[in-house]
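In order, the protein sequence lines correspond to chains A and B.
Residue numbers 1 to 340, in full-length UniProt numbering, belong to the letters of the first sequence in order.
Residue numbers 1 to 340, in full-length UniProt numbering, belong to the letters of the second sequence in order.
Number of protein chains: 2
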Amino acid sequence: MKRVTLKDVSERAGVSTAAVSYVLNGREGKVSPETVDKVHSAVKELNYIPDFSARSLANNKSKLIGVVIPQTEDQSQLLLQNPFYSELVCGIEGKLRQSGYHMILSGVDKGAGYLDTSMQRNLDGAIIMGIYQESFYEELKKVSMPIVLIDSYINDSYFNVIGLDDEEGGYLAVKHLIDNGHVNIALVTGMIRKDGVIEKRFLGYKRALKEANLFYNADYVFEHSVSYEYGEQAGRIIADKHPEITAVFATSDLVALGVMRGLSEGGRKVPYDVSIIGFDDIFYARMSTPPLTTVKQNITARGAMAAERLLSAIQNAEHRTDQPILMPLELAVRQTVRKL
Amino acid sequence: MKRVTLKDVSERAGVSTAAVSYVLNGREGKVSPETVDKVHSAVKELNYIPDFSARSLANNKSKLIGVVIPQTEDQSQLLLQNPFYSELVCGIEGKLRQSGYHMILSGVDKGAGYLDTSMQRNLDGAIIMGIYQESFYEELKKVSMPIVLIDSYINDSYFNVIGLDDEEGGYLAVKHLIDNGHVNIALVTGMIRKDGVIEKRFLGYKRALKEANLFYNADYVFEHSVSYEYGEQAGRIIADKHPEITAVFATSDLVALGVMRGLSEGGRKVPYDVSIIGFDDIFYARMSTPPLTTVKQNITARGAMAAERLLSAIQNAEHRTDQPILMPLELAVRQTVRKL
DNA sequence: TTGTAGGCGTTATCAG
DNA sequence: CTGATAACGCCTACAA
Numbered sequence: 001m002k003r004v005t006l007k008d009v010s011e012r013a014g015v016s017t018a019a020v021s022y023v024l025n026g027r028e029g030k031v032s033p034e035t036v037d038k039v040h041s042a043v044k045e046l047n048y049i050p051d052f053s054a055r056s057l058a059n060n061k062s063k064l065i066g067v068v069i070p071q072t073e074d075q076s077q078l079l080l081q082n083p084f085y086s087e088l089v090c091g092i093e094g095k096l097r098q099s100g101y102h103m104i105l106s107g108v109d110k111g112a113g114y115l116d117t118s119m120q121r122n123l124d125g126a127i128i129m130g131i132y133q134e135s136f137y138e139e140l141k142k143v144s145m146p147i148v149l150i151d152s153y154i155n156d157s158y159f160n161v162i163g164l165d166d167e168e169g170g171y172l173a174v175k176h177l178i179d180n181g182h183v184n185i186a187l188v189t190g191m192i193r194k195d196g197v198i199e200k201r202f203l204g205y206k207r208a209l210k211e212a213n214l215f216y217n218a219d220y221v222f223e224h225s226v227s228y229e230y231g232e233q234a235g236r237i238i239a240d241k242h243p244e245i246t247a248v249f250a251t252s253d254l255v256a257l258g259v260m261r262g263l264s265e266g267g268r269k270v271p272y273d274v275s276i277i278g279f280d281d282i283f284y285a286r287m288s289t290p291p292l293t294t295v296k297q298n299i300t301a302r303g304a305m306a307a308e309r310l311l312s313a314i315q316n317a318e319h320r321t322d323q324p325i326l327m328p329l330e331l332a333v334r335q336t337v338r339k340l
Numbered sequence: 001m002k003r004v005t006l007k008d009v010s011e012r013a014g015v016s017t018a019a020v021s022y023v024l025n026g027r028e029g030k031v032s033p034e035t036v037d038k039v040h041s042a043v044k045e046l047n048y049i050p051d052f053s054a055r056s057l058a059n060n061k062s063k064l065i066g067v068v069i070p071q072t073e074d075q076s077q078l079l080l081q082n083p084f085y086s087e088l089v090c091g092i093e094g095k096l097r098q099s100g101y102h103m104i105l106s107g108v109d110k111g112a113g114y115l116d117t118s119m120q121r122n123l124d125g126a127i128i129m130g131i132y133q134e135s136f137y138e139e140l141k142k143v144s145m146p147i148v149l150i151d152s153y154i155n156d157s158y159f160n161v162i163g164l165d166d167e168e169g170g171y172l173a174v175k176h177l178i179d180n181g182h183v184n185i186a187l188v189t190g191m192i193r194k195d196g197v198i199e200k201r202f203l204g205y206k207r208a209l210k211e212a213n214l215f216y217n218a219d220y221v222f223e224h225s226v227s228y229e230y231g232e233q234a235g236r237i238i239a240d241k242h243p244e245i246t247a248v249f250a251t252s253d254l255v256a257l258g259v260m261r262g263l264s265e266g267g268r269k270v271p272y273d274v275s276i277i278g279f280d281d282i283f284y285a286r287m288s289t290p291p292l293t294t295v296k297q298n299i300t301a302r303g304a305m306a307a308e309r310l311l312s313a314i315q316n317a318e319h320r321t322d323q324p325i326l327m328p329l330e331l332a333v334r335q336t337v338r339k340l
């Protein structure tokens with residue numbers, strides 16, 4: 001199928017290529033109504049489809065957004081298995097497509113930067129999920145395109161951030177446990193890294209304890225990775241070695257689900273013996289037995305919001321549109337927390 | 001950050017742009033070793049990054065692959081919530097990136113075609129998951145690029161297909177149930193559409209029944225949509241109205257998980273009262289309580305295979321590389337089937 | 001082996 | 001309001 005070009009259209013319509021370009025780009029004020037008509041019908045007849053590569057070359061706009069998500073530990077695969085990211089991606093893609101943009105979804109190789117990709121593809125902007133090393137962000141700034149960060153507390157006004165009050169979320173979760181009479185509350189979590197969301201949730205955990213005059217016991221902190229497997233492992237340990245623990249706050253639903261499994265493998269019933277609360281409210285939270293009580297964020301909406309902010313930054317040709325956004329948070333009380 | 005171009009590199013290296021281009025594209029045979037060196041170091045020094053838009057314009061290769069996944073019923077969001085698709089995407093992305101390609105992940109608007117996107121972006125190929133109306137495929141053929149279909153039984157040698165012996169899978173599942181003494185076996189499934197995978201699984205269900213001289217009862221077929229919600233609904237109905245049913249074959253794990261929930265809401269225990277077997281072996285299958293027995297396909301590997309076949313078709317400049325591939329299938333026996 | 005120049009499809013400038 | 005025409009960055013005959 002031979003490509004129909006602008007020129008073909010202009011010849012067919014009997015006008016210049018410039019006129020066609022104007023019409024196609026909505027600068028109709030610069031062109032007479034009848035020319036507009038002629039162009040439109042020529043486009044129809046020929047079934048003309050513009051070439052974005054050429055467009056990108058000519059005006060540095062690719063209508064392409066880079067979306068980066070973290071990879072598995074062995075660095076080879078996307079972390080899409082974590083529904084948190086897939087739901088985010090859903091929200092992003094919907095909004096982008098509806099606005100005439102496309103998304104290049106990828107992970108980023110360990111160490112390697114994202115600068116290459118963004119330059120190669122002339123990306124109009126990027127949405128970065130997860131947290132990376134400092135140098136990664138420095139590189140990003142060099143490219144000089146609008147960027148939205150999700151799940152990062154990087155304190156740099158260059159970036160747009162669609163955040164969450166993670167500290168408050170952690171606090172809410174643990175307070176709920178305390179309100180239900182729990183005292184010995186474990187924390188199961190991925191690595192607590194500086195400037196990461198987990199650190200904030202951890203801080204919320206501590207605040208709730210302190211407020212209730214409860215002792216913070218480092219032995220009750222199980223810290224390793226954000227995965228079902230680790231949750232399971234931690235759940236086992238709690239079941240086997242910590243009969244005094246009656247409640248667990250997991251900083252991610254995926255981990256919480258694992259803890260539930262580990263606990264029950266260890267012979268302890270949820271919520272009868274041990275209560276548990278998660279974070280995120282992924283799709284699967286309500287599918288577990290019993291359904292998981294958790295701190296709910298509207299993940300898909302957050303993705304859509306990220307896309308929206310990015311697009312508006314792009315249109316206004318500024319990197320940062322506004323103050324960081326904090327998405328709302330609420331408790332989703334289901335059946336894994338028992339009143340003591 | 002001003003763009004470094006081929007020309008900059010050539011000037012820096014003191015050679016022509018052609019020479020640089022040759023070196024960059026591995027046609028080193030056409031160039032003297034010392035030129036090669038000069039170019040390489042100039043590229044390093046200047047930190048040259050090629051512009052894929054320009055490249056695409058010049059030689060019609062974008063290094064861009066379109067990946068299409070189905071949308072939710074209301075047509076607005078990707079079906080990434082179904083882990084089956086996210087795992088597939090993981091497999092695809094990994095392989096693509098490792099080969100220097102990028103992926104544009106998108107849904108396709110209802111009715112609208114994919115021709116526009118593929119032309120606009122000069123896609124080198126596409127991987128299409130799910131099943132669409134005839135006209136969609138016809139359009140695809142017009143673009144004349146290699147295409148890999150996943151989960152389609154379209155009988156057209158134009159397309160590469162990475163399939164599964166779905167009929168055999170359905171047979172295996174139901175035979176397992178029968179071997180465990182079950183006689184009244186329900187089928188819970190999404191819409192049985194012609195040329196879809198579900199139809200084949202359905203056929204396998206019937207074959208297993210027939211082979212065991214069991215009566216096929218249309219009342220035992222619960223057909224609606226591939227979703228957790230529908231599974232739950234069907235599970236409820238089975239619990240309430242069909243005490244005689246002792247086993248369920250769900251044509252997708254997501255549905256199976258829903259059935260389990262519905263059953264237990266209806267007061268029936270899995271597997272004590274009702275056995276259940278799923279299909280796919282998504283990540284969450286082993287996370288349910290009890291862990292789901294299912295027909296296992298290696299989803300990620302299938303995605304990787306799809307990418308691999310596509311790339312090889314692209315490199316050989318042919319649409320179809322080989323015979324359709326059938327990925328292996330096996331029973332993953334866990335704890336939701338009870339021997340009667 | 002190397003360099004020159006034309007073309008890929010658009011956009012944008014700048015005279016008419 | 002319209003129409004040439006020069007970029008945009010790269011590739012590749014073709015010529016030297």
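Just so you know, even glycine gets a beta-carbon here, dropped at the ideal spot from N, CA and C.
- Query: Can you find a CB in chain A that lies within less than 8 angstroms of the CB of Arg94/B?
  - Reply: Locating residue 94/B in the second sequence gives position 94, where the first residue counts as 1. Inspection of the sequence shows that residue 94/B is occupied by Gly rather than by Arg. With 8 angstroms as the cut-off, Gly94/B counts as an interface residue toward chain A.
- With distances taken Cα to Cα, identify the nearest neighbour of Ile198/A among Gln71/A, Leu46/A, His40/A and His224/A. For the purposes of this step, residue 198/A is taken as the residue at position 198 of the first sequence. Selected option, being the one with the closest Cα: His224/A.
- Message: In whole angstroms, give me the CA-to-CA distance for Gln233/A and Gly113/A.
- Response: Within the first sequence, residue 233/A is the residue found at index 233, counting from 1. Within the first sequence, residue 113/A is the residue found at index 113, counting from 1. One C-alpha to the other measures close to 34 angstroms.
- Message: Using the Cβ count rule (16 or more neighbours within 10 Å means buried), how would you classify Ser118/B?
- Response: Here the question's residue 118/B lines up with position 118 in the second sequence. Buried.
- Message: Determine, for Asp51/B, whether the minimum Cβ-Cβ distance to residues of chain A falls below 8 angstroms.
- Response: Sequence index remark: in the second sequence, residue 51/B carries index 51 (1-based). So yes, Asp51/B belongs to the interface.
- Within 8 angstroms, strictly: CB atoms of Val143/B and Leu115/B: Counting from 1 along the second sequence, the entry for residue 143/B is found at position 143. Counting from 1 along the second sequence, the entry for residue 115/B is found at position 115. Contact: yes.
- Message: Within a Cβ cutoff of 8 angstroms, which residues of the same chain sit near Arg193/A, ignoring the five residues on either side of it in sequence?
- Response: For the purposes of this step, residue 193/A is taken as residue 193 along the first sequence, with counting starting at 1. If we look at Arg193/A and ignore the five residues flanking it on each side, its Cβ neighbours are Ile131 and Glu199.
- Is Val226/A closer than 8 angstroms to Gly181/A when the C-beta atoms are compared? Against the first sequence, residue 181/A aligns to sequence position 181. Against the first sequence, residue 226/A aligns to sequence position 226. No, they are not a contact pair.
- Task: Kindly give me the distance between the Cβ atoms of Thr293/B and Arg334/B, rounded to whole angstroms, as I take these residues to be in contact under 8 angstroms.
- Result: What you label residue 293/B is simply residue 293 of the second sequence in a count that begins at 1. What you label residue 334/B is simply residue 334 of the second sequence in a count that begins at 1. Confirmed, Cβ separation roughly 5 angstroms.
- Item | Ranges of the beta strand (DSSP E) found wholly within the segment 115–197 of chain B, counting only runs of at least 3 | 125–129, 147–150, 160–164 and 185–190
- Query: Where are the alpha helix (DSSP H) runs, 4 residues long or more, that stay fully inside the UniProt domain "HTH lacI-type" (4–59) of chain B, in chain order?
  - Reply: 6–13, 17–24, 33–46 and 52–59
- In whole angstroms, what is the alpha-carbon distance linking Ala332/A and Leu203/A? By one-based count along the first sequence, residue 332/A stands at place 332. By one-based count along the first sequence, residue 203/A stands at place 203. Rounded to whole angstroms, Ala332/A to Leu203/A spans 21 angstroms at the Cα level.
- Can you tell me the Cα-Cα spacing of Gln323/A and Gly125/A, whole angstroms? Reading the first sequence from its first residue, position 323 is the one you call residue 323/A. Reading the first sequence from its first residue, position 125 is the one you call residue 125/A. Those two C-alpha atoms are separated by around 18 angstroms.
- If you run the structure through DSSP and keep just helix, strand and coil, what is Asp280/B? In the second sequence, counting from the first residue as 1, residue 280/B sits at position 280. Looking at Asp280/B - three-state DSSP - the assignment turns out to be strand.
- Between the Cα of Met129/B and the Cα atoms of Leu326/B, Leu164/B, Met305/B and Tyr85/B, which residue gives the shortest distance? The count along the second sequence starts at 1 and reaches residue 129/B at position 129. Met129/B has its Cα closest to that of Tyr85/B, out of Leu326/B, Leu164/B, Met305/B and Tyr85/B.
- If we ignore side chains and look at the alpha-carbon of each, how far apart do Ser56/A and Lys2/A end up? Here residue 56/A refers to the residue found at position 56 when the first sequence is read from its first residue. Here residue 2/A refers to the residue found at position 2 when the first sequence is read from its first residue. Distance between the alpha carbons of Ser56/A and Lys2/A is about 21 angstroms.
- Distance between Ile69/A and Glu93/A (C-alpha atoms, nearest Å): Taking the first sequence and counting its residues from 1, one reaches residue 93/A at position 93. Taking the first sequence and counting its residues from 1, one reaches residue 69/A at position 69. So the alpha carbons of these two residues sit roughly 13 angstroms apart.
- Query: Nearest-angstrom Cα distance between Ala306/A and Phe159/A?
  - Reply: Along the first sequence, read from residue 1 onward, the residue named residue 306/A stands at position 306. Along the first sequence, read from residue 1 onward, the residue named residue 159/A stands at position 159. About 12 angstroms.
- With 8 angstroms as the C-beta to C-beta threshold (strictly closer), list the residues of the segment 100–113 of chain B near chain A in chain order. His102, Met103, Ile104, Leu105, Ser106, Gly107 and Asp109
- Query: Using Cβ-Cβ distances below 9 angstroms, what residues of the segment 136–162 of chain B are close to chain A?
  - Reply: Lys142, Val143 and Ser144
- Item | Residues bridged to Met327/A (per DSSP) | Locating residue 327/A in the first sequence gives position 327, counting from the first residue. According to DSSP, Met327/A bridges with Leu164/A.
- Message: To the nearest angstrom, how far is the alpha carbon of Val161/A from that of Lys141/A?
- Response: Here the question's residue 161/A lines up with position 161 in the first sequence. Here the question's residue 141/A lines up with position 141 in the first sequence. So the two alpha carbons sit approximately 14 angstroms from each other.
- Message: Between Arg201/A and Thr251/A, how many whole angstroms is the CB-CB distance? I'm expecting something under 8 angstroms.
- Response: Here residue 201/A refers to the residue found at position 201 of the first sequence. Here residue 251/A refers to the residue found at position 251 of the first sequence. Arg201/A to Thr251/A, Cβ: 5 angstroms. Contact.
- Start and end residues, alpha helix (DSSP H) containing Val89/A: On the first sequence, position 89 is the one that residue 89/A refers to. Segment Pro83 to Gln98, the alpha helix (DSSP H) holding Val89/A.
- Item | Contacts of Gln77/A in chain B (Cβ-Cβ under 8 angstroms) | The residue labelled residue 77/A in the question sits at position 77 within the first sequence. Within 8 angstroms Cβ-Cβ: Cys90, Gly91, Glu93, Gly94 and Thr300.
- Message: Between the segment 262–282 of chain A and the segment 235–242 of chain A, can you find at least three pairs of beta-carbon atoms closer than 8 angstroms?
- Response: yes
- Task: Please classify Tyr216/B: is it buried, with 16 or more other beta-carbons within 10 angstroms of its beta-carbon, or exposed?
- Result: Within the second sequence, the letter at position 216 stands for residue 216/B. Looking at its Cβ environment, which holds fewer than 16 other Cβ atoms inside 10 Å, Tyr216/B is exposed.
- Message: Do Gly231/A and Gly267/A have their beta-carbon atoms positioned less than 8 angstroms apart in this structure?
- Response: Working through the first sequence from its first residue, we reach residue 267/A at position 267. Working through the first sequence from its first residue, we reach residue 231/A at position 231. It is not a contact, given that the beta carbons lie outside the stated cut-off.
- Between the Cα of Tyr220/B and those of Asn213/B, Gly235/B, Ala212/B and Tyr228/B, spot the shortest distance and give me the residue it belongs to. Working through the second sequence from its first residue, we reach residue 220/B at position 220. Comparing Cα-Cα distances from Tyr220/B to each of Asn213/B, Gly235/B, Ala212/B and Tyr228/B, the minimum goes to Gly235/B.
- At least one CB of chain A closer than 8 angstroms to the CB of Ala234/B: is that the case? For this step, residue 234/B is matched to residue 234 along the second sequence. Not closer than 8 angstroms to any Cβ of chain A, the Cβ of Ala234/B fails to qualify, so no.
- Item | Whole-angstrom distance between Ser62/A and Phe222/B, CA atom to CA atom | Counted from its first residue, the second sequence places residue 222/B at position 222. Counted from its first residue, the first sequence places residue 62/A at position 62. Those two C-alpha atoms are separated by around 47 angstroms.
- Item | C-beta atoms of Leu78/B and Gln71/B nearer than 8 angstroms | Position 78 of the second sequence holds residue 78/B. Position 71 of the second sequence holds residue 71/B. Going by C-beta atoms, Leu78/B is nearer than 8 angstroms to Gln71/B.
- Item | Under 7 angstroms by beta carbon: chain B residues contacting Asp116/A | Counted from its first residue, the first sequence places residue 116/A at position 116. The contacting residues are Ile49.
- Message: For a contact defined as C-beta to C-beta under 8 angstroms, what are the partners of Glu87/B on chain A?
- Response: What you label residue 87/B is simply residue 87 of the second sequence in a count that begins at 1. Within 8 angstroms Cβ-Cβ: Leu80 and Gln81.
- Query: Does the Cβ-Cβ distance between Thr35/B and Ala19/B come in under 8 angstroms?
  - Reply: For this step, residue 35/B is matched to residue 35 along the second sequence. For this step, residue 19/B is matched to residue 19 along the second sequence. Contact: yes.
- Query: How many Å lie between Asp37/A and Tyr22/A at the Cα?
  - Reply: In the first sequence, counting from the first residue as 1, residue 37/A sits at position 37. In the first sequence, counting from the first residue as 1, residue 22/A sits at position 22. Rounded to whole angstroms, Asp37/A to Tyr22/A spans 12 angstroms at the Cα level.
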